[in-house]
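Just below is one structure, and these are the notes that go with it.
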Amino acid sequence: MVDTTVLIPSEEKKNAKNSTYWIYMSSLVISVIAIILGISGFMKKPVVSDVIIFPFKTENTIGSFIPGNAVSLNKEGKLQVGAGTTITKNVHSWEKKPMSHLHSTHIGKNMVVSVYDGHVTTTYVTDAGAVLYAKEFDLPAYKEKQRSCDDLIPLRDNIVVSLGSTELLPMRVEFDEKDAKVTFFDGVAITEGITYQPVIDTLGDSCFAISYFYSRVTDAWSTQLATRTGCINVSEKEVKITLTPEVFYSPNYMFHAIAGLSDTKYVLAKAVDENMTNSDIIFQLATVKGNTVKVGKELVLKNRTNFGFFDMDNLNDHQIIVTFIDGNLDNGLESILLVYNQKDDELIIGPFLDNQDGGASGQAASGQYNFIYIRIMSETRFGIFYSNVLNQGATAFCMGEVTPAQDLIAVGPEYLISAPMTDPVNQYYWLGETNLSNNRLVLIESLTSKDPKQTHSELHVVDVKPLPLGVVAEVTKNTVSVAISGTIKVSGQKLASGHNYYADTHGHLIKGEFVGSMNTESYYIYVESEDGTIVSDDNRVGFAINANSLFLKVHN
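First residue of the sequence shown: 153, per the working numbering; consecutive thereafter.
Written as structure tokens, this is what we have:
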């Protein structure tokens with residue numbers, strides 16, 4: 153008898169053969185599909201070049217737009233034309249015009265008032281950063297001599313106070329888009345003794361504090377540092393200044409500075425004693441109460457070899473930025489955050505930032521000290537202008553910021569704005585800088601020279617906006633469409649293939665260097681166009697792949 157179970161395949165074996173067959177067929181189908189997808193993917197343009205568009209409703213935008221504009225988002229999240237940091241050079245020029253002892257301030261967001269030896273110039277700067285006019289007036293003489301300027305402040309009702317030639321000179325500046333008028337009032341002596349190098353800062357919008365060197369005789373070794381405050385009384389026909397009694401708060405030091413905090417608080421600073429043995433920077437808190445000023449105890453910033461002028465300005469009623477030259481950094485530039493503790497009514501030295509490692513500023517070949525000026529740009533950002541010794545006294549600019557953790561960080565590169573001096577012994581750059589509005593600084597610089605033919609003065613504008621978002625692709629009645637990734641066609645401008653392109657604060661695209669020619673990931677650079685526009689590497693929006701196509705590659 154034959155066992156049929158041996159001759160007939162079992163059900164399990166049949167199922168196994170069927171499974172193998174279907175696995176084989178499935179693999180074959182998947183392979184064919186993969187080949188088809190691979191071929192179609194090879195034939196198709198890379199996905200990365202597809203344009204990603206972000207539409208904005210017009211109610212979420214500010215101003216007008218055209219295709220090709222570089223754009224950014226403001227702090228309210230609204231779309232605006234322009235992006236990044238831009239320095240527009242030579243917006244206005246004064247040929248062969250010297251402005252010795254130049255200082256500048258502002259009234260509102262459009263009027264720049266500059267005072268220098270013998271003159272006042274009113275310059276109207278539009279919201280777009282253009283100059284409508286610059287009108288000059290003669291300063292009243294001081295004891296039949298040309299009046300000079302040591303410092304300058306703005307107060308309420310369009311009043312500007314010039315501190316110079318040992319007097320406080322109030323003036324009223326009236327202006328519109330077409331013309332300006334300056335009315336001068338009686339000057340007031342800051343002291344009865346011999347004085348020089350006074351500095352001034354505001355205490356609110358009606359009062360001010362001053363610090364100055366004082367001596368009863370013409371002898372530098374008997375000099376003291378003195379301070380007092382004052383206020384203006386304004387009527388339709390006159391402006392009067394009243395001063396509090398002067399307070400002698402320190403023996404002689406080489407350098408000093410002042411910064412107001414509020415209506416009743418300000419900070420005095422000094423450095424390098426008369427014996428040249430102590431170069432620490434010393435701070436003192438001053439309190440105004442009625443008609444008196446009380447100067448508090450000394451707070452010493454130790455282990456700093458200060459050399460040269462220093463400057464300071466307040467961010468708000470409890471934070472001050474102090475910038476100075478540190479000999480330990482080979483005359484590099486350093487900033488610190490000085491904090492006023494309102495609860496304990498005392499000053500605290502905060503973090504520091506090395507803005508520049510060496511050769512930033514100091515004493516020039518002529519024997520004069522090169523300037524350092526600091527200006528507040530916003531609630532957290534500050535800008536520093538200085539005459540760079542390493543670059544033959546050329547005007548340089550850098551920025552810093554206070555972080556939410558109360559630290560100081562550098563923002564962007566060091567910019568060289570002016571040309572180096574050709575004769576540092578017989579030439580000098582004077583600087584008048586002011587903040588017209590948040591994140592807009594106006595700089596007027598003047599090169600004086602023994603050769604009158606080389607004398608010149610210029611106005612530059614520094615604007616800062618958030619980093620680029622992208623480029624406008626299309627504008628309709630209700631929507632502004634922004635390309636934020638991919639390749640976009642750019643009309644109205646012929647691009648240079650292979651070059652990086654950067655946004656400026658006016659929305660223009662600025663041609664930069666060839667892609668990869670500089671290691672921008674390792675250090676900050678900036679780009680200067682042929683017309684004198686300077687933009688930071690952070691402003692990058694992409695690079696040109698042909699004459700009218702831009703591959704977007706924003707820095708952030």
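We put the beta carbon where it would ideally sit given N, CA and C, even for glycine.
The structure presented is a predicted model; accordingly, all values stated were derived computationally and were not measured.
{"Item": "Euclidean distance between Cα positions of S326 and N587", "Value": "Residue identity differs from the one stated: residue 326 is Glu in this sequence, not Ser. Looking at the two C-alpha atoms, the distance is approximately 19 Å."}
{"Item": "Euclidean distance between Cα positions of S701 and T639", "Value": "6 Å"}
{"Item": "Range covered by the beta strand (DSSP E) that runs through Q436", "Value": "433-441"}
{"Item": "Within 8 Å, strictly: CB atoms of I686 and K241", "Value": "yes"}
{"Item": "Supposed close pair E319, G339 - CB separation, criterion 8 Å", "Value": "4 Å"}
{"Item": "Whole-Å CB distance - T237 paired with G564, under 8 Å assumed", "Value": "6 Å"}
{"Item": "The stretch 201-217 / the stretch 577-595 touching (three or more Cβ pairs under 8 Å)", "Value": "no"}
{"Item": "From F407, N540, I352, D331, residue whose alpha carbon lies closest to that of A286", "Value": "D331"}
{"Item": "Spatial neighbours of L595 in its chain, beta-carbon cut-off 6 Å, leaving aside the 5 residues before and after", "Value": "E585, H612"}
{"Item": "Sufficient close CB pairs (3 or more, under 8 Å) joining the stretch 654-662 to the stretch 689-705", "Value": "yes"}
{"Item": "Beta-bridge pairing of Y654 - partner residues as DSSP gives them", "Value": "I662, R692"}
{"Item": "Boundaries (first-last residue) of the beta strand (DSSP E) holding H718", "Value": "Only positions 153 to 708 of the chain appear in this structure, which leaves residue 718 out of reach."}
{"Item": "CB contact flag (T394, G412, <8 Å)", "Value": "no"}
{"Item": "Sheet register partners of D290 (DSSP bridge)", "Value": "H271"}
{"Item": "Three-state class that DSSP yields for S530 in the structure shown", "Value": "coil"}
{"Item": "Among L583, F537, V312, nearest to I477 - alpha-carbon criterion", "Value": "F537"}
{"Item": "Span of the beta strand (DSSP E) around I640", "Value": "631-641"}
{"Item": "Any non-hydrogen atom of the ligand MG closer than 7 Å to G659 Cβ", "Value": "Judged by which ligands are present, the structure shown has none, so any question about the ligand MG falls away."}
{"Item": "Contact under 8 Å by Cβ, I434 with E450", "Value": "yes"}
{"Item": "Reduced DSSP secondary structure (H/G/I, E/B, other) of P503", "Value": "strand"}
{"Item": "Bridge-paired residues (DSSP) for A557", "Value": "Note: A557 sits in no beta bridge, so no partner."}
{"Item": "DSSP three-state assignment for G479, whether helix, strand or coil", "Value": "helix"}
{"Item": "Identity of the residues DSSP links to S363 by a beta bridge", "Value": "V351, T379"}
{"Item": "Per-residue DSSP class, three states only, for Q494", "Value": "coil"}
{"Item": "Beta-bridge partners of I205, as assigned by DSSP", "Value": "A635"}
{"Item": "Cβ neighbour criterion (16 or more within 10 Å) applied to I204", "Value": "exposed"}
{"Item": "Whole-angstrom distance between S363 and G316, CA atom to CA atom", "Value": "13 Å"}
{"Item": "Which of helix, strand or coil DSSP assigns to Q606", "Value": "helix"}
{"Item": "Nearest neighbour of D463, chosen from A655, A648, D303, A699 [CA to CA]", "Value": "D303"}
{"Item": "Test item: CB-CB of H470 and E247 under 8 Å", "Value": "no"}
{"Item": "Alpha-carbon to alpha-carbon, P219 and P207", "Value": "13 Å"}
{"Item": "V369 (DSSP reduced to helix, strand or coil)", "Value": "coil"}
{"Item": "Spatial neighbours of T657 in its chain, beta-carbon cut-off 6 Å, leaving aside the 5 residues before and after", "Value": "G234, T238, D615, K617"}
{"Item": "Endpoints, beta strand (DSSP E) assigned at I218", "Value": "Taken as a continuous stretch (DSSP letters only), I218 belongs to no beta strand (DSSP E), as it is neither H nor E."}
{"Item": "A282, buried or exposed, once every other Cβ within 10 Å from all chains shown has been counted against 16", "Value": "exposed"}
{"Item": "Closest Cα partner of L505 within the set D269, E553, K602, K295", "Value": "E553"}
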